[in-house]
Amino acid sequence: MRAGTAGHREQPGRELSRHETADALQSRFAWKHGLFSSLLVRTLSLLLDPLECGTYRGRALDGEPHRSYPVVNTPLTVFFIPEGRWQRLFLAARLRATGPINIIQDPAADVRPTEYADQGRRLGSLRLESLVTIQRASRENTIIVPVTRAFHQHHPEAPATTFFTRLYMFTPMHVIRRASSLVRTVHTARLRNCRPIDLADWLDRNPQTGPFSQATALHNEVIGRIESEYRACAGPPIPQPWQVRKSVLRDPILVEFMREHAAREDISSRKVSREARAHIREIASKIRVGVFRYAGILLNVGFDRLLTGFDVDREGIRFICECDSRSRLVLVCCHRSYMDPLILAYGILRSGLTAPQQAAGINLNIWPLGWVLRRCGGFYLRRSFVDQPVYREAFNAYARRLLADNYITAFYIEGTRSRDGKMRKPKTGFMKILDEAMQFGACDGITVVPVYLGYDRVPEEGAHVREMAGGHKITETMGLFKRLYKSITNKIGRAYVEFGTPMDFTTIVSEHGLDAAADLICERIDCITVVTARSLASCALLSSGRHMVSVDEYERAADEILGVCRQLGLPLAPDADPTGIRAAVDRLADEGRVVVEKSEAGVECFLVEGDRRRFLEYNKNILLAHLLGPSLAALAEQSEVRAGEALFFLKRLFAEEFVYGPGFSSQARLSVGCSGSEVLTSFLDSFLEGYLVACSAIGTISSGAHVGTDKMVMRCFTEGARMLEEGSIQRVESLSRIVFENALKCFGNMGLLSSFSGGVGGGKEETMLTRGDLFEQGSSLEERIGSFLNRDRSGARQGSQPGDGLLRGEGAVRPEDRKTGK
């Protein structure tokens, strides 16, 4: 007998045996076939898949994505299914059961509140009470299998509320679409089983008084699992586009804003309403099941050409199916490539679920890509709409509708693709919209799930490296994507979709604030970043800082880095081992990123010079998601000042470069016995040299003069080339547009620079830079940065060092307090 079960019995007595328990269940819940129904079940069994196969169909993905839980019909199994005679027949056919089946039926949530439905609900509750009573008297475990009425990725239709929507249901296109959906999903018969409930264990965890209280709680648990699975597999009803616009325009907050805006701007309410309607038409998605099915077929072809494997986090997919449906589910993703929305939707679709609603930049709304993305769940937003109040309120109202209707939503917290391989500083605009929606009562709660989307080799790696080298982003066109697809001549390896630990949105915002909550989410994404063999190989090749690296030196560095990763328990790719790392180096050589040569002594070496180093730097930065804290700690330990002060200075120096979550303090220390500290310090050398170059370059700003940001960045490149030539710095990869831009922001926060917006012609504005209040301390800061690059001196010296004022923040002017001017 299970521990604790005896405590649930109301009266002492003999416990029911397995046979007696089965008889009690079958006498109360068994549904037996008649002659006609038995023949019908046998016929349907030839058409329908077994229930344990679930509704998953399509190519297999690595990581064994979520499927329905294995289940068989036993005398101690009770199925909880929606009301309907056909549902019992379909269940029996998928179970291949011609004998009795224990079934409890309950009207679905969308059944009208008729007398029959009310009787069915009461009967279902009474049967659950009987089931609880039987379990309390038995020594055997009863298994309850909730079954939802939702088949593979088929969204239900919104109820017809107007004459035109009712008329649309009889149009030929709608009839053909419904018929084709029925044919495609006939193998599942609209049934999908949810996670089973071990009733004995459940009663132990829910010790309510009396069978009635336990039956009520059990009913809520079963219905909750059914609704959660239904949300993930089918999703909310999909209304027609005009219904979406109509419902958003009726949002009471938007209605009140339009009335006030019309009065304030002295324009008619009709004009404001037309403007809001146009914005909603631009924003809203138009999901069509057929479109993303055909898009999936095209992705099969494209991914066969590009990928060698596809890893999907099984536990994350399972959580999506089991997350409490009363809490809205928001997937917060990192952004590395244009392919990110595709692999996210593809991984979820191929796992048997429905695609989430994804936020996409308006720059991707180009024909025909924009048309396809919109019908696959993409909704568009502009990069900035602070000075567009009607658009802002229309978008906020649309976001509230997504939450109210319980759609699974995904957005990219960085706002744009990372150009240097590491996590960008988060953009909090969408999180602020979610926070306001919660305050306005759009939903009871939001569950945030961090998602890592990555690749062995990022498809746009070459374009990103060109931007690092000083180039500008190319405007998105369909021709650009065609050229990008054709330019990938070799497979890019595996794609990864990893899910982090779910968090309650209200809790993290109330505890940390909005900005720190965004940093926390980024920190959680970094924690699940997959360490690939390519990033390990790049780190090993760059660790020495020299252009010529011997094989022995490379292997020694690779072993040290891999050892650190294993010691820290980092998530490693399947090929992240010494053999896989050497294979990654061979692939880099095939791509021309590394040249294999022999030295004068006849020793095999790797030659890494020029722009090739930037490609390796891009891949090295991926590993910084995990090793930033240990690298900063190792660098601070070798500093000329106290380690604590040095760490504080480095964190403040790189405040615009890296994301420091609330848990960073525990990461910024070296583990006891941690090897590879010398290699760890080399991870940050390129950033130190880049900031050293930028600090030297701002000294060229004359008193009273102002320089545009782009022009200042080009001055940094010129200064960096000079310092490389004279040997002041060693690493070509330190000359990076991203590093220089972040350094200029940091110097502005320190008070060395002051900024303001100025026109550059053509109606465009650019940030202009001029000397700040603490500009004269730039030389001491430059000397302080340089001291971290001169690590040949041993021993730490106590006392004041150049730049200590900036280190401790003394005399620094906060950005909001600095005066700006030409």
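Those letters in the sequence shown? Residues 1264 to 2085, by my numbering.
C-beta atoms are modelled at their ideal positions from N, C-alpha and C, and glycine is treated no differently.
These numbers were taken from a predicted model, which means no experiment stands behind them.
Nearest-angstrom Cα separation, counted from residue j out to residue i
i       : j       : result
Arg1533 : Glu1677 : 37 angstroms
Arg1527 : Val1653 : 13 angstroms
Asp1719 : Leu1851 : 12 angstroms
Leu1860 : Glu1818 : The sequence shown places Glu at residue 1860, rather than the Leu named in the question. Rounded to whole angstroms, Glu1860 to Glu1818 spans 16 angstroms at the Cα level.
Ser1548 : Gln1503 : 10 angstroms
Ser1806 : Arg1915 : 24 angstroms
Ser1491 : Ser1590 : 10 angstroms
Glu1283 : Glu1403 : 10 angstroms
Val1857 : Arg1877 : 11 angstroms
Glu1538 : Leu1895 : 51 angstroms
Gly1776 : Pro1689 : 14 angstroms
Leu2015 : Leu1910 : 21 angstroms
Asp1574 : Arg1757 : 7 angstroms
Val1507 : Ser1965 : 56 angstroms
Leu1943 : Ser1997 : 17 angstroms
Met2013 : His1969 : 18 angstroms
Asp1461 : Arg1556 : 36 angstroms
Val1922 : Gly1624 : 23 angstroms
Ser1476 : Leu1466 : 11 angstroms
Cys1597 : Thr1434 : 42 angstroms
Glu1656 : Glu1908 : 46 angstroms
Residues bridged to residue i (per DSSP)
i       : result
Phe2087 : Only positions 1264 to 2085 of the chain appear in the structure, and residue 2087 is not among them; the question remains open.
Met1766 : Val1711
Asp1369 : Pro1345
Gly1610 : Looking at the DSSP assignment, Gly1610 forms no beta bridge with any residue, so it has no partner.
Thr1411 : Arg1455
Leu1279 : Ser1401
Tyr1817 : None; Tyr1817 has no bridge partner.
Leu1716 : Val1760
Ile1406 : Thr1340, Asp1461
Arg1591 : Ile1709
Leu1835 : Val1794
Cut-off 6 angstroms between Cβ atoms - residues of its own chain near residue i, not counting five sequence neighbours on either side
i       : result
Ile1992 : Glu1952, Met1986
Glu1872 : His1810
Ile1844 : Ala1796, Leu1799, Ala1800, Ala1821
Tyr1954 : Ala2006, Ile2048
Val1518 : none
Pro1474 : Glu1392, Val1395, Thr1396
Leu1831 : none
Leu2052 : Leu1951
Ser1280 : none
Three-state secondary structure (DSSP) of residue i
i       : result
Gly1926 : coil
Asp1597 : The amino acid occupying residue 1597 in the given sequence is Cys; Asp does not appear at that position. Three-state DSSP puts Cys1597 in coil, outside helix and strand.
Trp1634 : helix
Asn2012 : helix
Gly1684 : coil
Tyr1670 : coil
Arg1513 : coil
Arg2034 : strand
Phe1642 : strand
Glu1490 : helix
Ala1622 : strand
Phe1693 : helix
Ile1791 : coil
Leu1551 : Before going further, note that residue 1551 is Arg rather than Leu in the sequence given. Coil.
Met1575 : It is Val, not Met, that sits at residue 1575 in the sequence shown. In the structure shown, Val1575 sits in a strand (DSSP, three-state: E or B).
Ser2017 : strand
Tyr1675 : strand
Leu1998 : coil
Ala1293 : strand
7 angstroms Cβ shell around residue i - same chain, five flanking residues per side excluded
i       : result
Gly1633 : Leu1627
Asp1587 : Gly1487, Ser1491
Asn1336 : Leu1358, Ala1360, Ile1364
Thr2030 : Thr1972, Ser2018, Ser2020
Contact set for residue i: own chain, Cβ-Cβ below 8 angstroms, skip 5 residues either direction
i       : result
Asp1683 : His1727, Met1731, Glu1880, Tyr1881, Asn1884, Ser1999, Ile2001, Val2002
Trp1630 : Met1741
Ser1862 : Met1811, Ser1813, Cys1868
Cutoff 8 angstroms: residue i Cβ touching any chain D Cβ
i       : result
Glu1816 : Of the chains in the structure shown, none is chain D; there is only one protein chain.
Would you mind listing the beta strand (DSSP E) stretches within the segment 1931-1977 that are 3+ residues and don't spill past its ends, in chain order? Entirely contained in the segment 1931-1977, the beta strand (DSSP E) runs reaching 3 residues are, in chain order, 1969-1971.
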